[in-house]
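As structure tokens, the structure follows; a few thoughts come after it.
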Amino acid sequence: MHVFLQFIFNAEALREHVRDDWIQLYDYTYIDDKIIGGVERMLPNVADVLATIEKKATGHIASSLTQSSFSIAAAKSGDETMAKTILEDSIVKKKAPTQPKPFKLTKPKPKVIEEPEAIKRETKAIPLPKHIFKKSLADIEKEKQERRKNQIERVRKDYEKGKVQPFKLKTKETNYDIEKVKEKFQEEDNKKYQFDKKHARKLPDFNKNEPEIKPTAAAILREGHQLTKKRQEEEKILKDFEMNMRDASEFDR
């Protein structure tokens, strides 16, 4: 709304932007005298309205149109107070920069450290029975020997009475040879599995008949190469023996 009113009551803007379009529809004398001229004549009357709207919209009076309209209105009325107000409003007031201040934070209260409880370090021993002081070391040793003898006698009686004897197995009481029984059952099992023996063929004895091995071409070449190599080594030994009259086979080995 503020921008629209600034444009409507600005005669120069109307002549520059909309006068040519209006002349195409209306007579130029009507546009210049009635429309634009009427705006110029009514400008002092609406100056206070324009100033109020501009101040609410922007916070101050900065446009030249509003200031000029106020000046014209103040000059016509002869009011110095209005002119002073226009001058004060036209000056853009600069605010001072904000000065940072520390926050008023609640300071924590110092923690109270409680003193540790004092632990009483007292060693309390159970008092010895009085009858210990009535016995000597020889009496104590004698009681130990008696307890040992009584324990040995009790264990011997337990084994003699059969209370802790091992179990009696009936197999120990029987008089037969377990190996013979095994052989007997083995023979019976073998007889059961000999029912179709006449149709079976005997396996050949591979120890008597040596298998026939057919050498491959690679095996023949490898064997020939080994024989040739061995013959060359023997010839070399003989030549060395003939030339140097010595046998170096023991050294080469």
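Quick note: our numbering has the sequence shown finishing at residue 248, numbered continuously throughout. Just so you know, even glycine gets a beta-carbon here, dropped at the ideal spot from N, CA and C. Just so we're clear, the structure is a prediction, and the values are computed from it rather than from any experiment.
Hey, isoleucine 48 and leucine 100: beta-carbon distance below 8 Å or not? No, these two residues do not count as a Cβ contact at 8 Å.
In terms of residue numbering, what span does the alpha helix (DSSP H) encompassing threonine 47 cover? Counting along the chain, threonine 47 sits inside the alpha helix (DSSP H) bounded by residues 42 to 53.
Alanine 52: which of Met(-4), Val107, Ile18 and Pro103 sits nearest, CA to CA? For the residues Met(-4), Val107, Ile18 and Pro103, the minimum Cα distance to alanine 52 belongs to Met(-4).
Euclidean distance between Cα positions of alanine 113 and lysine 102: In a straight line, the C-alpha of alanine 113 is about 33 Å away from that of lysine 102.
To the nearest angstrom, report how far apart glutamate 228 and threonine 211 are at their CA atoms. Approximately 26 Å between the Cα atoms of the pair.
Tell me whether asparagine 239 is buried or exposed, calling it buried when 16 or more other Cβ atoms sit within 10 Å of its Cβ. It counts as exposed.
Going by other Cβ atoms of all chains shown within 10 Å of its Cβ, with 16 needed for buried, is asparagine 145 buried or exposed? By the neighbour-count criterion, in which a residue is buried when 16 or more other Cβ atoms sit within 10 angstroms of its Cβ, asparagine 145 is exposed.
How long is the line joining the alpha carbons of isoleucine 30 and proline 92, rounded to whole angstroms? Isoleucine 30 and proline 92: Cα-Cα distance of roughly 47 Å.
What is the DSSP secondary structure of glutamine 1, reduced to helix, strand or coil? Residue state, collapsed to three classes: helix.
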